[in-house]
DNA sequence: GCCCAGGTGGGTA
DNA sequence: TACCCACATGGG
C-alpha cells in the first residue's frame, strides 16, 4: 500500500508538476476564509469573493466579526451559499476571539488533536475544512480527504465506496511519511487529477465507462 | 437548460 | 446511525 500511494503521488507530480497550493501570500487567516468559502464550490468563484473581501479590507478576524452580516454576505456572494458562508465566517471569528483572544498563533499553538477537536466544534467547520485549516494554515501534518480522494480510492479499489472520512484519512496517513509538505501537495495533485480526468460525480467524457476513470487518468497514475 | 464545484448542518426515522 | 435536503453562484 505504501508503495502504491507513493507511486501514485510520484506519477501525479511527474504529470502535473508541483502545485504550490496554500499557504498563499494572504497569510493564515485568508487561507481559513478560503477554506470555508470553497466548500462545494469552484475555486474561481472563491477568488472573486476573496477579492471583494480584500478590497473592503475585511480580511482580519476582528473586522469579519464587526462587519454587518448582510454586507459580508453581499461580498462573498460569488462563492455561492453566501448567507450560510457569511454566518460561518462570523462563527469562526467569534470562536477565535472567545477562545483565543483573536489570536491564530494561540489557536495553532495547540497539539494537533486538540486543535482539530476545537475546530470541529465551530459552526460551519466539518472534517475537510478543519483539516485544510490544520494543514494549509497551521502547517501541521494531517491528510485532507475530499470528494476526489474518495472517488479515486473507490475506483482504484483502495477503499470501499462507502468508506468514511476517517477511514480514508487513516489509509493515507498510515502509509505515507507524516510530512506536511507531502500531504499539502498530494491533496492538491488529487484535485488536479479529479478535475481533468473523470473523477467527477458523473463522469461523462464520452469515452470512459460510467463511474470509471478515463484512460488518460489511468495512464497518469497507472493501472492497479 | 443541465451538470458540476477543493462540504456542512439540520431534520427525520 | 443512515439517509435526505437546503444552501446558491458561475463556468463548461
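Residue numbers (the numbering used here): 264 to 487. Even for Gly, the Cβ is constructed at its ideal location relative to N, Cα and C.
May I ask you to report which of helix, strand or coil DSSP gives residue 295? The residue you call residue 295 lines up with position 32 of the first chain. Helix at residue 295.
Look at the Cβ atom of residue 300, then the Cβ atom of residue 330, and state whether they are nearer than 8 Å. Taking the first residue of the first chain as 1, we reach residue 300 at position 37. Taking the first residue of the first chain as 1, we reach residue 330 at position 67. With contacts defined by Cβ atoms closer than 8 Å, residue 300 and residue 330 do not form a contacting pair.
Let me make sure I understand the geometry here. Which of 427, 417 and 352 has the alpha-carbon closest to that of residue 313? Here residue 313 is taken as the residue at index 50 of the first chain, counted from 1. The shortest Cα separation from residue 313 among 427, 417 and 352 belongs to 352.
Whether residue 367 touches residue 291 by CB criterion (8 Å): Mapped onto the first chain, residue 367 falls at position 104. Mapped onto the first chain, residue 291 falls at position 28. Yes, these two residues count as a Cβ contact at 8 Å.
Sequence-distant residues of its chain with Cβ nearer than 6 Å to residue 484 (five each side left out): Translated into the one-based positions of the first chain, residue 484 becomes position 221. Excluding five sequence positions before and after residue 484, the CB atoms of its chain that fall closer than 6 Å to its own CB belong to 271 and 274, given in chain order.
So what's residue 432 in DSSP terms, helix, strand or just coil? Locating residue 432 in the first chain gives position 169, where the first residue counts as 1. DSSP places residue 432 in helix when its eight states are reduced to three.
Identity of the residue in 385, 334 and 372 nearest residue 357 by Cα: Position 94 of the first chain, counting from 1, holds the residue named residue 357. Residue 385 holds the alpha-carbon nearest to the alpha-carbon of residue 357 among 385, 334 and 372.
Spatial neighbours of residue 467 in its chain, beta-carbon cut-off 7 Å, leaving aside the 5 residues before and after: For the purposes of this step, residue 467 is taken as residue 204 along the first chain, with counting starting at 1. Because residue 467 carries a pLDDT of 49, less than 50, the predicted location of this residue cannot be relied on, and no value is offered for it.
On a Cα-Cα basis, can you pick out the residue from 462, 400 and 452 that is closest to residue 268? For the purposes of this step, residue 268 is identified with residue 5 of the first chain, where counting begins at 1. Ranking the options by Cα distance to residue 268, first place goes to 452.
If we ignore side chains and look at the alpha-carbon of each, how far apart do residue 365 and residue 359 end up? In the first chain, residue 365 corresponds to position 102, counting from 1. In the first chain, residue 359 corresponds to position 96, counting from 1. Answer to the nearest angstrom: the Cα atoms are 5 Å apart.
Keeping to the same chain, check which residues put their C-beta closer than 7 Å to that of residue 424; ignore five residues upstream and five downstream. Taking the first chain and counting its residues from 1, the one referred to as residue 424 is at position 161. Excluding positions up to five away in sequence, the list reads 417.
Following the continuous alpha helix (DSSP H) through residue 448, name the residue where it begins and the one where it ends. The residue labelled residue 448 in the question sits at position 185 within the first chain. Start and end: 443 to 459.
Rounding to the nearest angstrom, what Cα-Cα distance links residue 297 and residue 434 in this structure? Numbered from 1 along the first chain, position 34 holds the residue referred to as residue 297. Numbered from 1 along the first chain, position 171 holds the residue referred to as residue 434. Put simply, the backbone Cα of residue 297 is about 26 Å away from that of residue 434.
Whole-angstrom distance between residue 450 and residue 392, CA atom to CA atom: Taking the first residue of the first chain as position 1, residue 392 is located at position 129. Taking the first residue of the first chain as position 1, residue 450 is located at position 187. If you take the alpha carbons of residue 392 and residue 450, they lie about 13 Å apart.
Let me confirm a value: residue 447 is counted as buried when at least 16 other C-beta atoms fall within 10 Å, else exposed. Which label applies? Here residue 447 refers to the residue found at position 184 when the first chain is read from its first residue. Per the 10 Å Cβ criterion, buried.
For residue 430, count the other beta carbons within 10 Å of its own beta carbon; 16 or more makes it buried, fewer makes it exposed. Which is it? Within the first chain, the letter at position 167 stands for residue 430. Residue 430 should be labelled exposed.
Inside the stretch 333 to 398 only - alpha helix (DSSP H) runs reaching at least 4 residues: Counting whole runs of 4 or more residues, the stretch 333 to 398 contains the alpha helix (DSSP H) stretches 345 to 363, 367 to 371, 375 to 383 and 390 to 395.
Report the residue from 445, 441, 428 and 278 whose alpha carbon sits nearest the alpha carbon of residue 409. Taking the first residue of the first chain as position 1, residue 409 is located at position 146. Among 445, 441, 428 and 278, the Cα nearest to that of residue 409 is on 428.
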